[in-house]
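A.B. asks: Structure incoming, see below.
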Amino acid sequence: MHDIVIMYHYVREKESWTGSVPISPEDFRKQIEWVKGNYEIISPDDMNRITKKPKCIISFDDATKDQYTVAYKVLKELDVPGYFTVMSAPLECGVVPIFHLVHMVLSHFNDEEIWKELNGKFEIPDLTEKSAYYSYEPNMYRRYNKYVFNFLLDEQSCRSYLEEKVVKLYGSLQSFIKAFYISIEELVEMKENGMTLGVHCVKHLPYKGDAQEFYNTEIAPCKVFMQQELEITPKWYTPAFGGGENALQMRADLEPILRANGFRGAFTTIEDYTILNTNNFWFNRFDCNRSKFIR
Ligand SMILES: [Zn+2]
Numbered sequence: 001m002h003d004i005v006i007m008y009h010y011v012r013e014k015e016s017w018t019g020s021v022p023i024s025p026e027d028f029r030k031q032i033e034w035v036k037g038n039y040e041i042i043s044p045d046d047m048n049r050i051t052k053k054p055k056c057i058i059s060f061d062d063a064t065k066d067q068y069t070v071a072y073k074v075l076k077e078l079d080v081p082g083y084f085t086v087m088s089a090p091l092e093c094g095v096v097p098i099f100h101l102v103h104m105v106l107s108h109f110n111d112e113e114i115w116k117e118l119n120g121k122f123e124i125p126d127l128t129e130k131s132a133y134y135s136y137e138p139n140m141y142r143r144y145n146k147y148v149f150n151f152l153l154d155e156q157s158c159r160s161y162l163e164e165k166v167v168k169l170y171g172s173l174q175s176f177i178k179a180f181y182i183s184i185e186e187l188v189e190m191k192e193n194g195m196t197l198g199v200h201c202v203k204h205l206p207y208k209g210d211a212q213e214f215y216n217t218e219i220a221p222c223k224v225f226m227q228q229e230l231e232i233t234p235k236w237y238t239p240a241f242g243g244g245e246n247a248l249q250m251r252a253d254l255e256p257i258l259r260a261n262g263f264r265g266a267f268t269t270i271e272d273y274t275i276l277n278t279n280n281f282w283f284n285r286f287d288c289n290r291s292k293f294i295r
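Here it is as C-alpha cells:
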C-alpha cells in the first residue's frame, strides 16, 4: 500500500446543500474511521516520519464553516490531525468568490424561478446544446443556470445578481460571510488543537500563466494575513482549482518561488497515490467528496 492524501470540500447534509456535492457528516465519519484503521494519519509537518502503516494526510479546501462545525469536531473526537487551507479575501475584505455564491443560490432558490429572472435581466441565447456540459445535472433549468453563471455572464453582472440573492437570505453579505466561513477565532482554536493551516488563496482566482504575479496576488497576501491574524507562518500550499487548465506549467513555475518563500510542499488535485516525504514537493490527492476511493 502507498501513502495517500485525501481531499474534502463541503461536509454537510446533502439535502441542505444541493448546489454542490457535499459528503454527509455520517459518511465523513465512516471514511475517517476506515482510514484511521488502515493508515497512519499524520500532519504535513510529520511527513518524514517512519511509520508502520502507510501514511495519510486529511486535507480540506476553502475553509467553509461546516469544516469547523462538523469535520474538525469529528477529527478531534477520533484524535487525528487535519490539514485545512485558508482563503483570505472573504475574511479580510468581504469578497466572496463567485462559485461559492453560486452554490449558495442554487441550494436555496428554485431553478425555474432563477432561470425566469435571468431571462428578464439579461439577453440569453438558446442554451440547449451548450448546457450539455452539465449533463450530470438532471434538472434542465439547473443546467441552464449553471451555464449562465459560469460561462455566459461577466463577473460584475454575475456578482450583482448573486449577491442580491444572498443578501435576501442573510440580510447582508457580511452576515453571510460570518455564517459561511470559518472565523479567525475558530481558525486559531483549530491551530491550538493540533490542526495544520496552509494557504489556499486570496480570492480563488485561476492561474493565468505568470507564476510570480500569481504568487504576489493570490498567495503572498494570504500568507501575510495568516501571519498577522493567526500568528502562523504557513509552510504548505494548496492551489485553487488545483491550478486549473495550466496546472502542469503552474507546478513547474511556482515551485521555486514557493520554496524561496519558505514553503515545504503543496497539494494537487491529481487523483493518485503519493509519496509523503519532503524530498517531493507536489502531492497528489483523492477527492473523497466524490467517493471514488473509499466506499
Ligand atoms: Zn478551493
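Heads up, the sequence shown is in full-length UniProt numbering, so the first residue is 1 and it goes up one at a time.
Note that CB positions come from ideal geometry on N, CA and C, so glycine has one too.
(1) Looking at D61 and ligand 1, is the gap between the Cβ and the nearest heavy atom below 8 Å?
(2) Ignoring anything shorter than 3 residues, give me the beta strand (DSSP E) runs that lie fully in the region 184-239, in order along the chain.
(3) Counting pairs of Cβ atoms below 8 Å between the region 225-233 and the region 264-274, do you hit three or more?
(4) Would the beta-carbon of H200 be found less than 8 Å away from any heavy atom of ligand 1?
(5) Who does G265 pair with in a DSSP beta bridge?
(6) Specify the secondary structure class of K292 as computed by DSSP and reduced to three states.
(7) In terms of DSSP beta bridges, what is E40 paired with?
(8) Looking at the secondary structure, which residues open and close the beta strand (DSSP E) in which I98 lies?
(9) Going along the chain, which residues of its own chain have a beta-carbon closer than 8 Å to the beta-carbon of R142, five neighbours each way excluded?
(10) What separation, rounded to the nearest whole angstrom, lies between the Cα atoms of K203 and V95?
(11) Rounded to whole angstroms, what's the CA-CA distance from M87 to I219? Just pull it up for me.
(12) Excluding the 5 residues preceding and the 5 following K130 in the sequence, name in chain order all residues of the same chain whose CB lies nearer than 8 Å to its CB.
(13) Under the criterion of a Cβ to heavy atom distance below 8 Å, does H9 qualify as lining ligand 1?
C.D. replies: Here's the rundown:
(1) On the sequence shown, position 61 is the one that residue 61 refers to. Checking the Cβ of D61 against ligand 1 gives yes.
(2) 196-201
(3) no
(4) Locating residue 200 in the sequence shown gives position 200, counting from the first residue. Because some heavy atom of ligand 1 lies under 8 Å away, the Cβ of H200 counts as near it: yes.
(5) Sequence index remark: in the sequence shown, residue 265 carries index 265 (1-based). In the DSSP output, where bridge partners are listed per residue, G265 has W236.
(6) Indexing the sequence shown from 1 puts residue 292 at position 292. Its pLDDT being 48, under 50, K292 is placed unreliably in this model, and the coordinates cannot settle the point.
(7) Counting from 1 along the sequence shown, the entry for residue 40 is found at position 40. Paired residues: K55.
(8) What you label residue 98 is simply residue 98 of the sequence shown in a count that begins at 1. Not the beta strand (DSSP E): I98 falls in the alpha helix (DSSP H), residues I98 to H108.
(9) Walking along the sequence shown from the start, residue 142 turns up at place 142. Closer than 8 Å at Cβ, skipping near neighbours: L106, D111 and Y134.
(10) In the sequence shown, residue 203 corresponds to position 203, counting from 1. In the sequence shown, residue 95 corresponds to position 95, counting from 1. Cα-Cα distance, rounded: 7 Å.
(11) Within the sequence shown, numbered from 1, the residue matching residue 87 stands at position 87. Within the sequence shown, numbered from 1, the residue matching residue 219 stands at position 219. Those two C-alpha atoms are separated by around 9 Å.
(12) Position 130 of the sequence shown, counting from 1, holds the residue named residue 130. Apart from sequence neighbours up to five positions away, the residues of its chain that approach K130 with a beta-carbon distance below 8 Å are Y147 and F151, ordered along the chain.
(13) For the purposes of this step, residue 9 is taken as the residue at position 9 of the sequence shown. H9 Cβ: within cutoff of ligand 1.
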